[in-house]
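See below for the structure under consideration.
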Amino acid sequence: MIPINILELLFALMSIASTIVMIFEKFLPTFFKQAIRYGKFAYRGPSSKLAVEVPKSWFRHFYIYSSVLTMFTLDIVVRVYFFDAFPPKWIVRLLDVVVDPRRIAVVTPTSTLLAMFLLTLQCLRRVYETHFVSVFGINSRMNLAHYCIGYIHYTGCILCILSSAPKFGQHAYRYPLIQLTDLSFFDIIATLLFFWAWFHQYKTTVILGNLRKNERGEVITQKHRLPEGDWFNYVASPHLLAEILMYISLTMILWQNTSWLFISAWVLVNQIQTALLSFWWYKSTFPSFPENRKAIIPFIL
Numbered sequence: 017m018i019p020i021n022i023l024e025l026l027f028a029l030m031s032i033a034s035t036i037v038m039i040f041e042k043f044l045p046t047f048f049k050q051a052i053r054y055g056k057f058a059y060r061g062p063s064s065k066l067a068v069e070v071p072k073s074w075f076r077h078f079y080i081y082s083s084v085l086t087m088f089t090l091d092i093v094v095r096v097y098f099f100d101a102f103p104p105k106w107i108v109r110l111l112d113v114v115v116d117p118r119r120i121a122v123v124t125p126t127s128t129l130l131a132m133f134l135l136t137l138q139c140l141r142r143v144y145e146t147h148f149v150s151v152f153g154i155n156s157r158m159n160l161a162h163y164c165i166g167y168i169h170y171t172g173c174i175l176c177i178l179s180s181a182p183k184f185g186q187h188a189y190r191y192p193l194i195q196l197t198d199l200s201f202f203d204i205i206a207t208l209l210f211f212w213a214w215f216h217q218y219k220t221t222v223i224l225g226n227l228r229k230n231e232r233g234e235v236i237t238q239k240h241r242l243p244e245g246d247w248f249n250y251v252a253s254p255h256l257l258a259e260i261l262m263y264i265s266l267t268m269i270l271w272q273n274t275s276w277l278f279i280s281a282w283v284l285v286n287q288i289q290t291a292l293l294s295f296w297w298y299k300s301t302f303p304s305f306p307e308n309r310k311a312i313i314p315f316i317l
């Protein structure tokens, strides 16, 4: 019997379902429309009794969760690859269940540590942003499904990174411990791409937050305004473009990990879908919206 990779199956289904709902939205029941729309482009029609919504500010919750989980996992990875420790047996058993008990280590310890470090850095910055930079609308809400997917996403990312890491599988240990010589030119380019996108995502998040603040940093309005500056000069949702670029860089680092491709595909689908909804909302809300500003890919989409 061929074992089922639950992790790959889950992210594949999420990508497919999200695409189908997006394409056929107008033919679907209200419940599904409310599931994909939230915040400023939330569904405005009669609400479904089946839909459960929570404050959009609850985004903070799964970034706190992901930060704690990534730091915990990074600590384990450091112990395993710097001090030749063995990973907890429960993690190995969990990977056996959700990935494949026959998995083979195909990513070096150095690349595993690098990917885990970058993901941790991203989660920590998002915790800071959601608490001290972003301004969530008082009445802004999101579907419970969105809220739950946040937890699934980051848990899946961590399990996926570990799934092809040496010493986290049942097979023979194929690689030595951390060696800087394992870093390729490809890894260096990917890391530079990550930090470039990471910096601009923070910069554009600050721009969005400042739209509702005065010069002293005090929130003075709940109204939406048209953002300007930095990558906003090219696309309507530069923070989503930055997210895609960061996951592309992680894919470059983990290129031998085929399961990561399913996560990257999910991120691509989800971010493009959200960017298009935001783009259409901007165009319908602001008559002065620049004609040359695209949704998420400069000069193209």
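Heads up, the sequence shown is in the working numbering, so the first residue is 17 and it goes up one at a time.
Glycine is no exception: its CB is placed at the ideal position from the N, C-alpha and C atoms.
> Which whole-angstrom value is the C-beta distance of S180 and N273, which I expect to be below 8 Å?
Replying inline: Right, the Cβ-Cβ distance comes to about 4 Å (below 8 Å), so this counts as a contact.
>> Assuming V96 and R157 are in contact, meaning their beta carbons sit under 8 Å apart, how far apart are those beta carbons, in whole angstroms?
In response: In fact, because the Cβ distance is near 41 Å, the residues do not count as touching under 8 Å.
> From which residue to which residue does the alpha helix (DSSP H) around N286 run?
Replying inline: Taken as a continuous stretch (DSSP letters only), the alpha helix (DSSP H) holding N286 covers T274 to T301.
> Should H255 and Q289 be called a contact, given that it needs their Cβ atoms to be closer than 8 Å?
Replying inline: Against a cut-off of 8 Å, the Cβ pair of Q289 and H255 comes out as no contact.
> Closest to I316 by CA distance: which of F88, V251 and S294 is it?
Replying inline: Minimum Cα-Cα distance from I316 among the listed residues F88, V251 and S294 corresponds to V251.
> Excluding five sequence neighbours on each side, which residues of the same chain lie with their C-beta closer than 8 Å to the C-beta of D100?
Replying inline: Scanning its chain for C-beta atoms nearer than 8 Å, with the 5 sequence neighbours on each side dropped, one finds around D100 the residues L193, in chain order.
> Excluding the five sequence neighbours on either side, which residues of its own chain have a C-beta within less than 7 Å of the C-beta of V108, listed in chain order?
Replying inline: Hits under 7 Å: F184.
> With burial defined as no fewer than 16 other Cβ atoms inside 10 Å of the residue's Cβ, what is the status of W296: buried or exposed?
Replying inline: Counting Cβ neighbours within 10 Å, W296 comes out exposed, since fewer than 16 surround it.
> Straight-line CA distance for A161 to Y167?
Replying inline: Roughly 10 Å separates the two Cα atoms.
> Which whole runs of the alpha helix (DSSP H) in the segment 144 to 198 are 4 residues long or more, in chain order?
Replying inline: Those alpha helix (DSSP H) runs which fall completely within the segment 144 to 198 and span 4+ residues are 160 to 179.
> Helix, strand or coil for P71 per DSSP?
Replying inline: Here P71 sits in strand by DSSP.
>> On a Cα-Cα basis, can you pick out the residue from H169, Y144, T146 and F215 that is closest to L23?
In response: Of the candidates H169, Y144, T146 and F215, the one whose C-alpha sits nearest the C-alpha of L23 is H169.
> So what does DSSP say about V123, is it helix, strand or coil?
Replying inline: V123 falls in the coil class under three-state DSSP.
> According to the Cβ coordinates, are V115 and V222 closer than 8 Å?
Replying inline: Cβ distance not < 8 Å, so V115 and V222 don't count as in contact.
>> Do T136 and L90 count as a contact pair if the criterion is CB distance below 8 Å?
In response: Yes; because the gap between Cβ atoms is below 8 Å, this pair is in contact.
>> According to DSSP, simplified to helix, strand and coil, what is A33?
In response: In this structure, A33 counts as helix in the three-state DSSP scheme.
>> I need the DSSP call for K42, collapsed to helix, strand or coil.
In response: K42: helix per DSSP, three-state reduction.
> At which residues does the alpha helix (DSSP H) containing A101 begin and terminate?
Replying inline: Careful: A101 lies outside any alpha helix (DSSP H) and carries neither H nor E.
> Hey, how far is the Cα of F102 from the Cα of L111?
Replying inline: Annotation: F102 to L111 spans about 15 Å, alpha carbon to alpha carbon.
> CA-CA distance, A188 and W212?
Replying inline: Bear in mind that the predicted position of A188 carries a pLDDT of just 49, short of 50, making it unreliable; the figure below should be weighed with that in mind. For A188 and W212, the distance between alpha carbons rounds to 37 Å.
> Which residues bound the alpha helix (DSSP H) around G225?
Replying inline: Per DSSP, G225 belongs to the alpha helix (DSSP H) from F201 to N226.
> Roughly how far, in whole angstroms, is the beta-carbon of F202 from the beta-carbon of K72, given that I think they are within contact range, below 8 Å?
Replying inline: About 38 Å separates the two Cβ atoms, so there is no contact after all.
>> Mapping the DSSP letters down to three states, classify L26 as helix, strand or coil.
In response: L26 falls in the helix class under three-state DSSP.
> When you compare only the Cα positions, how much space is there between I236 and K310?
Replying inline: When the Cα atoms are used, I236 and K310 turn out to be separated by approximately 29 Å.
>> Quick check on DSSP: helix, strand or coil for V93?
In response: In this structure, V93 counts as helix in the three-state DSSP scheme.
> Alpha carbon to alpha carbon, how far is Q287 from C164?
Replying inline: C-alpha separation (whole angstroms): 17 Å.
> From the DSSP output, which residues share a beta bridge with V251?
Replying inline: Note: V251 sits in a beta bridge opposite K310.
>> Quick check on V114: does DSSP put it in helix, strand or coil?
In response: DSSP places V114 in the helix class (H, G or I) of the three-state scheme.
> Mind checking whether I312 and L284 have CB atoms under 8 Å apart?
Replying inline: No, the pair does not count as a contact, with Cβ atoms beyond the cut-off.
> Between the beta-carbon of T267 and the beta-carbon of S275, is there less than 8 Å?
Replying inline: Taking 8 Å as the cut-off, the beta carbon of T267 is found no closer than this to the beta carbon of S275.
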